[in-house]
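Student:
Numbering (the numbering used here), first residue to last: 1067 to 1686.
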């Protein structure tokens, strides 16, 4: 085995390889060894290019940019993104400032500019020398590291838009031309350039600050950060709140924190929407939040942050602080006791009247009824019961009604309901005695309290340990809101005439795509709500850690997807975001998020606010 020597006296400079290393190469001093060193390469180059005149590479003045577009492998803009080829040479002093996602500007000669993002970075060989050799490895190991001057850093760019001036405005269009070779490329550091290039509205619902690689994008403006907002006006169609939002994130990702901060913006004093399309009367939206973990009633109370943070977010136009008009609408469930020690919101107790089942039989169908049994319940038994007992009849009266053997025999003999079907229905609709018609005011008599312009209504169900009871409460109230919103002849004008955001935490528990009659009815109802919400001023705000379990018909209507850290591959795949965002998701820290909202902006990475804008956490 040959010995390379100890390199003690080697100073790491090109051309100064020690004699013992040369000897260890097994050659005699040798052409091959000389060809692998910069000195020998320069000698060879000189012999090949006798007419090449040396030039002074020392810079004159100050560099303006981070590098230049390189045509060494061609420059191409193509309709097929896979065929586009844009590469920039990054000068040595700028290498540390370039990472995947960095936004760049490359000007055209006529004053227009290409707005692009870095899609890839790589080191390439600067010289012909082969660095995969023992001598090069030992040089690197004995010195402070590699000599980057031996390599070049190339950045692959993804074109986003062409920016151009239209009078006093900066506008964008699709990328339709290629910049010239050796065009100087610079960081996008102007707020207007970035917001125009990414199509970010300058007003709307605040979600966070634009980021790249977990760090906020900085500009030369004051403030230097860029606020990301969801469009909230009718200039380009309906506000995005009525085109529905999904917030997805795993445990500990900060999704509830982020959801609270977004919902707080919907409750801002100046946020209003027309009662009717094209109408002059504008009304503040109501927010109804279904809250299985009992976290959202805390939005009544102030958050734990200082004056400096408050001043900073006020500068960005962010609504903050506890929302006084917050009510905890607590379902009265027999045997369940509600503890409100973690918030100061007023509590309003209510019950679900059995009369609501008449229009929504699936509320008591559960997963056990098949189509035939459901039809017997919906079109025979409940109408017959209503005719005999009246519209105010109770659940207990209904079970007594089903206990009548004469009724069972009559329906069987008439061929309307087979006795086996009757028995199956009678068994499976029982077990709701602790849910319906409890000792509290029915929700149907509390509509003006339940839906309030500018008000937040939270429906906690954490104290309800029975899953079936929880589902019944949530789906009964949600159906009431949806039915009234979509009705041409509503019973409650308050619901119909108030812009409404329906928030649902742990949405996967209620909107799952199952084969049961109940699941199909629920999904059908919420799909209709999502489709018609735009014109009826109804927005769904769904929060989940299991987006893969939300039924596809509902999912397809979601326009804005906010994704925090998700560790599950199926969950990441289900959110259906562009691949460049998808790859970030498993590595995001708490509060980091990606947003895919095609009708609002290009796909972006954000950092949410470090503080919750209202109270958050049982110990705060």
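Don't be surprised by glycine CBs; every beta carbon is placed ideally from N, CA and C.
Once you ignore the five residues that flank residue 1397 on each side, which residues in its own chain have a CB closer than 6 Å to its CB?
Tutor: If we look at residue 1397 and ignore the five residues flanking it on each side, its Cβ neighbours are 1539.
Student: As an exercise, report each continuous alpha helix (DSSP H) stretch of at least 4 residues that is fully enclosed by the segment 1252-1325, in chain order.
Tutor: The segment 1252-1325 contains these whole alpha helix (DSSP H) runs: 1257-1264.
Student: Specify the secondary structure class of residue 1246 as computed by DSSP and reduced to three states.
Tutor: Three-state DSSP puts residue 1246 in coil, outside helix and strand.
Student: Straight-line CA distance for residue 1230 to residue 1178?
Tutor: Rounded to whole angstroms, residue 1230 to residue 1178 spans 5 Å at the Cα level.
Student: Which residue from 1270, 1240, 1222 and 1486 puts its Cα closest to that of residue 1251?
Tutor: Looking at the Cα atoms, 1222 is the closest of the given residues.
Student: Distance check for residue 1408 and residue 1684, CA to CA, integer angstroms please.
Tutor: Their Cα atoms are separated by approximately 6 Å.
Student: If we call anything under 8 Å between Cβ atoms a contact, is residue 1687 one with residue 1354?
Tutor: Summary: the structure shown does not reach residue 1687, with the chain confined to residues 1067 through 1686, and so no result is reported for it.
Student: Rounded to a whole number of angstroms, what is the C-alpha to C-alpha distance between residue 1483 and residue 1384?
Tutor: The alpha-carbon atoms of residue 1483 and residue 1384 are separated by roughly 59 Å.
Student: Report yes if the CB atom of residue 1226 is closer than 8 Å to the CB atom of residue 1668, and no otherwise.
Tutor: Yes, Cβ-Cβ distance for residue 1226 and residue 1668 is below 8 Å.
Student: According to the neighbour-count rule (16 or more other Cβ atoms, all chains shown, within 10 Å of its Cβ), is residue 1413 buried or exposed?
Tutor: It is exposed - the Cβ of residue 1413 has fewer than 16 other Cβ atoms within 10 Å.
Student: Output the boundary residues of the beta strand (DSSP E) element that contains residue 1136.
Tutor: Start and end: 1133-1136.
Student: With residue 1679 and residue 1279 assumed to form a contact (beta carbons below 8 Å), what rounded beta-carbon distance in angstroms separates them?
Tutor: The pair is not a contact, with the Cβ atoms about 26 Å apart (cut-off 8 Å).
Student: Could you check whether residue 1155 and residue 1184 sit closer than 8 Å to each other, using their CB atoms as the reference points?
Tutor: No, these two residues do not count as a Cβ contact at 8 Å.
Student: For residue 1670, which three-state DSSP category applies?
Tutor: It is a strand residue.
Student: Distance check for residue 1560 and residue 1168, CA to CA, integer angstroms please.
Tutor: Distance between the alpha carbons of residue 1168 and residue 1560: 48 Å.
Student: Could you name the residues of the same chain whose beta carbon sits closer than 6 Å to that of residue 1072, not counting the 5 residues immediately before and after it, in chain order?
Tutor: The pLDDT assigned to residue 1072 is 49, lower than 50, so where the model puts this residue is not dependable; a value taken from the coordinates is nonetheless given after this. Around residue 1072: no qualifying Cβ.
Student: Between residue 1550 and residue 1380, what straight-line distance do the alpha-carbon atoms span, to the nearest angstrom?
Tutor: If I take the Cα positions, the gap works out to 36 Å.
Student: Would you mind working out which of 1581, 1351, 1591 and 1528 sits nearest residue 1566, comparing C-alpha positions?
Tutor: For the residues 1581, 1351, 1591 and 1528, the minimum Cα distance to residue 1566 belongs to 1351.
Student: Ordered along the chain, which non-local residues of its own chain (more than five positions away) have a Cβ less than 7 Å from that of residue 1400?
Tutor: Excluding sequence neighbours, residue 1400 sits near 1500 and 1504.
Student: Assign residue 1440 to one of three DSSP states: helix, strand, or coil.
Tutor: Here residue 1440 sits in helix by DSSP.
Student: With H, G and I counted as helix, E and B as strand and the rest as coil, what does DSSP make of residue 1413?
Tutor: In the structure shown, residue 1413 sits in a strand (DSSP, three-state: E or B).
Student: With residue 1271 and residue 1307 assumed to form a contact (beta carbons below 8 Å), what rounded beta-carbon distance in angstroms separates them?
Tutor: Indeed, because the Cβ distance is near 7 Å, the residues count as touching under 8 Å.
Student: Using only CA atoms, which one of 1286, 1630, 1389 and 1470 lies nearest to residue 1329?
Tutor: Ranking the options by Cα distance to residue 1329, first place goes to 1389.
Student: Determine the extent of the alpha helix (DSSP H) in which residue 1449 is found, giving its start and end residues.
Tutor: 1448-1455 is the extent of the alpha helix (DSSP H) around residue 1449.
Student: Counting beta carbon pairs with one atom in the segment 1278-1297 and one in the segment 1636-1649, are three or more of them shorter than 8 Å?
Tutor: Taking 8 Å as the limit for Cβ pairs, the verdict is that the segment 1278-1297 does not touch the segment 1636-1649.
Student: Between residue 1456 and residue 1425, what straight-line distance do the alpha-carbon atoms span, to the nearest angstrom?
Tutor: Their Cα atoms are separated by approximately 14 Å.
Student: Any idea what DSSP makes of residue 1539, helix, strand or coil?
Tutor: If DSSP states are grouped into helix, strand and coil, residue 1539 belongs with the helices.
Student: Which value, in whole angstroms, describes the spacing of the CA atoms of residue 1553 and residue 1509?
Tutor: Each residue's Cα considered, the two are about 19 Å apart.
Student: Measuring only the C-alpha atoms, how far is residue 1208 from residue 1201?
Tutor: Approximately 11 Å, taken between the alpha carbons.
Student: Return the chain-ordered list of same chain residues with a C-beta closer than 6 Å to the C-beta of residue 1467, the five sequence neighbours on each side being excluded.
Tutor: Excluding sequence neighbours, residue 1467 sits near 1451.
Student: From the DSSP output, in three-state form, read off residue 1399 for me.
Tutor: Correct three-state label for residue 1399: coil.
Student: Tell me, please, whether the segment 1258-1267 touches the segment 1146-1160 by the rule of three or more beta-carbon pairs shorter than 8 Å.
Tutor: Contact between the segment 1258-1267 and the segment 1146-1160 is absent, because fewer than three Cβ pairs lie under 8 Å.
Student: Can you give me the C-alpha to C-alpha distance between residue 1651 and residue 1327, rounded to a whole angstrom?
Tutor: If you take the alpha carbons of residue 1651 and residue 1327, they lie about 20 Å apart.
Student: To test your reading of the DSSP string, which unbroken alpha helix (DSSP H) runs of 4 or more residues are found completely within the segment 1569-1608?
Tutor: Qualifying alpha helix (DSSP H) stretches, in chain order: 1583-1602.
Student: Please classify residue 1662 as buried or exposed, where buried requires at least 16 neighbouring CB atoms within 10 angstroms.
Tutor: Under this definition residue 1662 is a buried residue.
Student: Please state whether DSSP places residue 1429 in a helix, a strand or coil.
Tutor: Helix, per DSSP.
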